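FYI, in the numbering used here the residues of the sequence shown are 185 to 378.
C-beta atoms are modelled at their ideal positions from N, C-alpha and C, and glycine is treated no differently.
A quick note: this is a predicted structure, and the numbers were derived from the prediction, not measured.
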Amino acid sequence: MQRLFLGLVLAGLLWAIGLTVFIGNLSSPSQSTAAGIDGVVIYTGGGGKRIEAGMALFANGSGHRLLISGVHPDTSRSRLSDLWEGPADLFNCCVDLGREALSTIGNATELNQWATENKYNAITLVTSDYHMPRSMTSTRARMPDIEIYPYVVASGLLDEAGRPTTMRAWQKLAGEYTKYILACINALFQFNAA
């Protein structure tokens with residue numbers, strides 16, 4: 185019983201240290217992306233900030249097409265066009281809505297299919313700072329032959345020094361860190377199966 189207790193304490197301590205490292209390594213918001221991008225993808229969530237940032241990136245000339253992955257079935261194309269500030273014809277011709285993804289793994293699967301159909305080799309992935317590590321891990325596991333460039337959007341969970349702003353932020357980041365660990369394990373099996 186004592187060994188079990190000590191094992192749980194040690195596991196909890198390692199998890200807490202890992203959480204601190206995870207938060208400390210989160211990237212600052214992006215200011216630019218790589219040149220020569222084929223497409224831009226947004227993994228939805230985060231109250232619309234990701235969508236606005238990804239749309240602005242695409243409207244300003246990054247990529248040939250934009251995929252918004254994980255769009256809610258009740259969200260119309262017209263509603264999303266209200267967030268669009270670029271030329272209307274660019275939105276109409278070159279913005280694709282993915283409605284199948286219900287998770288980050290679903291986003292990666294949806295992106296893989298879209299990139300394969302369009303024969304793309306370089307993608308900019310737009311998502312929130314705290315969500316980027318898991319997104320990149322899951323996406324690279326499914327798309328090892330495609331270059332994925334992160335474009336980080338501020339979530340508001342971190343202050344200017346990179347520390348969580350509230351107890352709710354701590355809880356959100358702790359949950360995300362746990363999901364990230366699971367994504368790493370899942371990715372390991374993906375790579376081993378390849």
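Taking a C-beta distance under 8 Å as the contact criterion, residue 289 and residue 307 do not qualify as a contact pair.
Here residue 282 is bridged, per DSSP, to 253. Counting only residues of its own chain and dropping the five nearest sequence neighbours on each side, residue 360 has a CB closer than 6 Å to the CB of 314. Restricted to the segment 201-235, the beta strand (DSSP E) segments that are unbroken, complete and at least 3 residues in length are 223-227, listed in chain order.
A direct Cα-Cα distance of roughly 15 Å separates residue 351 from residue 339. Boundaries for residue 334: no alpha helix (DSSP H) harbours it, while the beta strand (DSSP E) harbouring it runs 331-337, taken from the DSSP string. Per DSSP, the continuous alpha helix (DSSP H) segment holding residue 322 begins and ends at 316-326. Looking at the backbone, the Cα of residue 291 and that of residue 370 are separated by about 15 Å. For residue 235 against residue 267, the beta-carbon gap comes to about 6 Å, under 8 Å, which counts as contact. If you look at residue 312, you'll find it in the beta strand (DSSP E) that goes 306-312. In this structure, residue 336 keeps its C-beta atom at 8 Å or more from the C-beta atom of residue 260. The alpha-carbon separation between residue 304 and residue 220 amounts to approximately 11 Å. Taking a C-beta distance under 8 Å as the contact criterion, residue 293 and residue 285 qualify as a contact pair. Residue 367 sits close to residue 322, with the two beta carbons spaced by under 8 Å. By the CB criterion at 8 Å, residue 279 and residue 250 fall inside the cutoff. Looking at the backbone, the Cα of residue 189 and that of residue 198 are separated by about 14 Å. Nearest neighbour of residue 216 by Cα position, chosen from 241, 311, 223, turns out to be 241. Annotation for residue 265: 275 place their beta carbon closer than 7 Å to its own, counting only its chain and skipping 5 residues before and after.
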